[in-house]
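S.K.:
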Amino acid sequence: MERIRLTTAQALVKFLNEQYVDFGDGPERFVEGVFTVFGHGNVLGLGQALQEAPGELKVYQGRNEQGMVHAATAFAKQSRRRRIMACTASVGPGSANMLTAAATATANQIPVLLLPGDTFATRQPDPVLQQMEHTYNLSITVNDAFKAVSKYWDRICRPEQLMSALLNAMRVLTDQADTGAVTIALPQDVQGEAWDYPADFFRRRVHKIARRLPHPDEIAAAAELIASKQRPLLVCGGGVRYSDAGAALRDFAEKFTIPFGETQAGKSAVASDFAYNLGGLGVTGNGCANTLAAEADLVIGAGTRFTDFTTGSKSLFAHPGVEFVTLNASPYHAAKLDSLAVVCDAAEGLKALSDALEARGYRSAYTDEIAEAKQAWAAERARLASVEYRAGGVAAAVEAVAEAAGVDGGTGASGASEAVQGDEAAPFVPEIAGHLDDKLPEYAEVLNTSLTQTQVLAIINELIPQDAIAIGAAGSLPGDMQRMWESSVPDTYHMEYGFSCMGYEIAGALGIKLAEPEREVYALVGDGSYQMMHSELVTSLQENKKINVLLLDNAGFGCINNLQMEQGLDSMATEFRRRGADGQLSGELMHIDYAASAAGYGVETFRAATAEQLRSALEAARKSEKSTLIDIKVLPKTMTHGYGAWWHVGVAEVSGKESVQAAYGQKLSGLEKARSY
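Start counting the sequence shown at 10; every next residue gets the next number (the working numbering).
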């Protein structure tokens with residue numbers, strides 16, 4: 010048997026260069042490159058291998074280890090899990106920095122290969138620099154923490170262990186039902202140790218990804234159940250996009266007159282203007298999808314994990330006789346909500362189910378309800394897009410708006426505010442009324458803005474190219490985008506909401522740009538997330554990969570301030586205020602020039618505090634040849650709100666505040682209407 014003498018790191022690089030996947034269209038390279046922040050523990054081992062014999066792997070210089078894994082995750086997600094990146098970091102804090110991003114990848118079932126540097130397998134220099142010692146177990150290192158956030162984990166303590174570890178890594182990375190972060194910890198001494206590897210280990214491997222076909226018995230049972238129902242509703246999840254099932258879903262919906270709602274991961278599988286596409290569903294869903302969801306007597310999940318935001322903490326599907334059918338490649342996810350499980354690829358399942366229902370001559374009982382619901386939402390979206398702030402008193406209108414809006418699971422003030430804001434003489438009432446109403450003039454003055462968040466989002470959606478990719482992740486923007494964002498080109502909506510990780514947005518935009526370099530990419534990010542992480546902006550400049558950052562600054566963690574105050578608490582440590590005379594964070598609002606911070610990196614920057622300035626900035630950013638940032642000042646409490654879905658959150662059972670006691674009572678009321686499993 011021919012053998013090749015290589016170090017562990019050299020063998021790893023050589024192996025990764027020979028991995029291909031075939032989804033039925035022919036072999037494609039699987040591992041595109043390696044993100045790294047070199048340091049003690051990886052630069053002399055894996056770094057040496059990548060310097061002397063990288064093969065086709067391109068090395069990308071990250072700025073923050075979490076950020077580079079976010080970029081790798083977004084790259085794989087936008088590539089529909091057909092291409093991946095590897096990420097390597099140094100011993101100790103460098104590797105530990107990857108933990109949050111590893112969890113993000115695994116929560117979203119996105120493949121990414123992590124290669125953290127580790128301490129010495131020989132233990133000769135223990136404790137080596139950056140080593141954390143465990144006196145009760147010397148085999149534990151920081152990298153053991155990756156076990157909780159990885160789909161596969163291994164540590165290479167001898168060079169020959171690399172072979173079985175890498176074969177298992179590829180098994181998980183190409184698993185369409187159960188993929189995520191794969192972690193292979195590399196002790197720094199072992200990285201440089203040599204062994205005579207079998208030459209055959211480095212042959213080209215083509216991992217054929219076969220679409221899992223549904224079992225005929227499962228299809229027959231599902232078709233029988235659907236045929237017995239009058240008002241079914243489809244749920245379009247991320248699996249629809251990963252399996253290229255958008256066309257199959259569209260045909261299925263049209264053939265049987267079945268509307269569908271979109272999850273965050275499933276949005277843009279089918280164009281928003283399609284007659285049966287109701288838009289976003291659930292806690293961050295719109296009034297159109299949520300209204301029909303509450304009346305559906307059957308829910309057909311396609312490639313969805315049925316998270317609490319999709320199901321309204323299992324309360325959204327309120328029909329007393331509602332039942333569930335789920336098409337999912339994962340048996341685990343297919344069985345959720347006590348569904349009739351059809352374990353299969355989403356596209357294959359929809360096609361087989363379509364044939365079975367066609368043979369039964371099935372059509373739903375919907376008549377005009379779908380079109381009417383879509384029309385009503387279009388009017389509401391137009392209203393949200395036109396909301397403008399007008400200076401003047403607020404308090405006088407709050408009580409009347411709250412009374413008119415009612416308290417029924419967070420529908421907000423949207424219905425009443427339409428009348429209020431339609432009258433030029435009436436005081437301004439925010440979409441989320443009753444929280445910081447009296448402070449809005451202060452925000453308007455400090456931020457020097459009249460922009461509302463819904464208005465800004467509508468302008469952006471209108472003016473950026475239709476084939477541009479919009480990315481978001483955390484804060485109030487995901488709710489606004491799932492409700493208001495209209496996609497006319499498939500796979501142009503990229504939301505990380507499985508982990509809702511602040512800081513994903515800008516790094517993710519870089520990953521998307523690497524995956525689709527010909528398209529414009531726009532990261533919609535709040536000021537809180539921008540402060541959390543934006544370092545990969547520098548890498549975008551270094552690589553000449555233009556991304557556009559649309560930073561909506563409302564001077565606080567607005568989404569969590571909403572949650573805090575909606576559940577009866579006072580505003581505390583969620584507005585960006587200086588320390589006040591009372592010792593609390595109650596002083597003056599902070600005004601931060603985010604454009605100035607980005608300009609220091611070399612990003613082309615713009616500022617917008619009016620609709621005209623925003624339109625002008627978007628046009629200029631589109632023409633720019635390098636990464637851009639638009640610092641957009643918006644007023645708090647002007648995001649979308651409610652639309653009939655309940656969310657189960659941990660409200661205090663004991664409190665001296667009547668408002669918290671009332672919130673706890675509402676929680677109990679919500680639980681009475683929700684499924685227990």
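Virtual Cβ for every residue (Gly too), placed ideally from N, Cα, C. Small disclaimer: the values here were computed from a predicted structure and weren't measured.
Taking only the alpha-carbon atoms, compute the straight-line gap between residue 86 and residue 189 and give it to the nearest angstrom.
M.R.: Approximately 11 Å, taken between the alpha carbons.
S.K.: Contact defined as beta carbons within less than 8 Å: I believe residue 645 pairs with residue 445. What is the distance between those atoms, to the nearest angstrom?
M.R.: Indeed, because the Cβ distance is near 6 Å, the residues count as touching under 8 Å.
S.K.: For residue 601 and residue 35, I'd like the C-alpha separation in whole angstroms.
M.R.: When rounded, the distance between both Cα atoms is 51 Å.
S.K.: Return the CA-CA distance between residue 119 and residue 229, expressed in angstroms with no decimal places.
M.R.: Cα to Cα, the separation comes out at about 31 Å.
S.K.: May I ask you to report which of helix, strand or coil DSSP gives residue 77?
M.R.: It is helical.
S.K.: What's the gap between the Cα of residue 667 and the Cα of residue 325?
M.R.: Approximately 27 Å, taken between the alpha carbons.
S.K.: If we require 3 or more residues per run, which beta strand (DSSP E) segments fall completely within the region 287 to 316?
M.R.: Fully enclosed beta strand (DSSP E) runs of 3 or longer: 307 to 311.
S.K.: Return helix, strand or coil for residue 465, following the three-state DSSP convention.
M.R.: DSSP places residue 465 in helix when its eight states are reduced to three.
S.K.: Measure from the alpha carbon of residue 506 to the alpha carbon of each residue in 358, 291 and 584, then state which is nearest.
M.R.: Selected option, being the one with the closest Cα: 291.
S.K.: Measure the alpha-carbon distance for residue 162 versus residue 224 and round it to whole angstroms.
M.R.: Each residue's Cα considered, the two are about 32 Å apart.
S.K.: Is there contact between the region 28 to 44 and the region 65 to 72, where contact requires at least three CB pairs shorter than 8 Å?
M.R.: Short answer: they touch.
S.K.: Mind the definition here: the region 192 to 200 touches the region 128 to 135 only if three or more C-beta pairs lie below 8 Å; say whether that holds.
M.R.: In short, these stretches touch, since the Cβ pair count reaches three.
S.K.: Between which two residues does the alpha helix (DSSP H) harbouring residue 690 extend?
M.R.: Any property of residue 690 remains undetermined from this structure, which presents the chain solely from 10 to 686.
S.K.: Applying the 10 Å Cβ sphere with the 16-neighbour rule, what's the burial state of residue 590?
M.R.: The residue is exposed, with fewer than 16 neighbouring Cβ atoms inside 10 Å.
S.K.: Does residue 294 pass the burial test, meaning 16 or more other C-beta atoms within 10 Å, or should it be called exposed?
M.R.: The residue in question, residue 294, is buried, as its Cβ has 16 or more Cβ neighbours within 10 Å.
S.K.: Span of the alpha helix (DSSP H) holding residue 550?
M.R.: Note, residue 550: alpha helix (DSSP H), 545 to 551.
S.K.: Just reading off the beta strand (DSSP E) that residue 245 is part of, what are its end residues?
M.R.: 241 to 245 is the extent of the beta strand (DSSP E) around residue 245.
S.K.: Under DSSP, the beta strand (DSSP E) around residue 390 begins and ends at which residues?
M.R.: Residue 390 -> not in any beta strand (DSSP E); alpha helix (DSSP H) instead, spanning 378 to 395.
S.K.: Indicate whether the contact test is met: 3 or more Cβ pairs, each with one atom in the region 544 to 561 and one in the region 148 to 162, closer than 8 Å.
M.R.: Touching, no.
S.K.: Can you tell which of 284, 374 and 304 has its C-alpha closest to the C-alpha of residue 384?
M.R.: Comparing Cα positions, the closest option is 284.
S.K.: Quick one: using the 10 Å Cβ neighbour count with 16 as the cut-off for buried, is residue 74 buried or exposed?
M.R.: Residue 74 should be labelled buried.
S.K.: Could you pull the start and end residues of the beta strand (DSSP E) that residue 48 belongs to?
M.R.: It is not in any beta strand (DSSP E) - residue 48 carries neither H nor E in the DSSP assignment.
S.K.: Over what stretch of residues does the beta strand (DSSP E) that includes residue 531 continue unbroken?
M.R.: Unbroken beta strand (DSSP E) run through residue 531: 530 to 535.
S.K.: Which one of 375, 18 and 252 has the shortest CA to CA distance from residue 51?
M.R.: Nearest C-alpha to residue 51: 18.
S.K.: For residue 94, write down the residues that DSSP places opposite it in a beta bridge.
M.R.: BP columns for residue 94 point to 42.
S.K.: Determine the burial state of residue 685: buried for a count of at least 16 other Cβ atoms within 10 Å of its Cβ, exposed for fewer.
M.R.: So residue 685 ends up on the exposed side.
S.K.: Would you call residue 340 buried or exposed, if buried means 16 or more other Cβ atoms sit within 10 Å of its Cβ?
M.R.: Exposed, because fewer than 16 other Cβ atoms sit within 10 Å of the Cβ of residue 340.
S.K.: How is the beta strand (DSSP E) around residue 70 delimited, first residue to last?
M.R.: Segment 67 to 70, the beta strand (DSSP E) holding residue 70.
S.K.: Based on the DSSP output, what are the partners of residue 336 in its beta bridges?
M.R.: Note: residue 336 sits in a beta bridge opposite 311 and 351.
S.K.: Just to confirm the assignment, what range does the beta strand (DSSP E) spanning residue 513 have?
M.R.: No beta strand (DSSP E) contains residue 513, which is instead part of the alpha helix (DSSP H) from 513 to 524.
S.K.: Skipping 5 residues on each side, what residues in its chain have a beta carbon closer than 7 Å to that of residue 249?
M.R.: Cβ neighbours of residue 249 beyond the five flanking positions: 255, 258, 275, 278, 311, 312 and 355.
S.K.: Does residue 431 come out as helix, strand or coil in the three-state DSSP assignment?
M.R.: With a pLDDT of 47 at residue 431, under the threshold of 50, the predicted position of this residue should be treated as unreliable, though the coordinate-derived value follows. The answer is helix: DSSP assigns residue 431 an H, G or I state.
S.K.: Which residues share a DSSP beta bridge with residue 217?
M.R.: BP columns for residue 217 point to 31.
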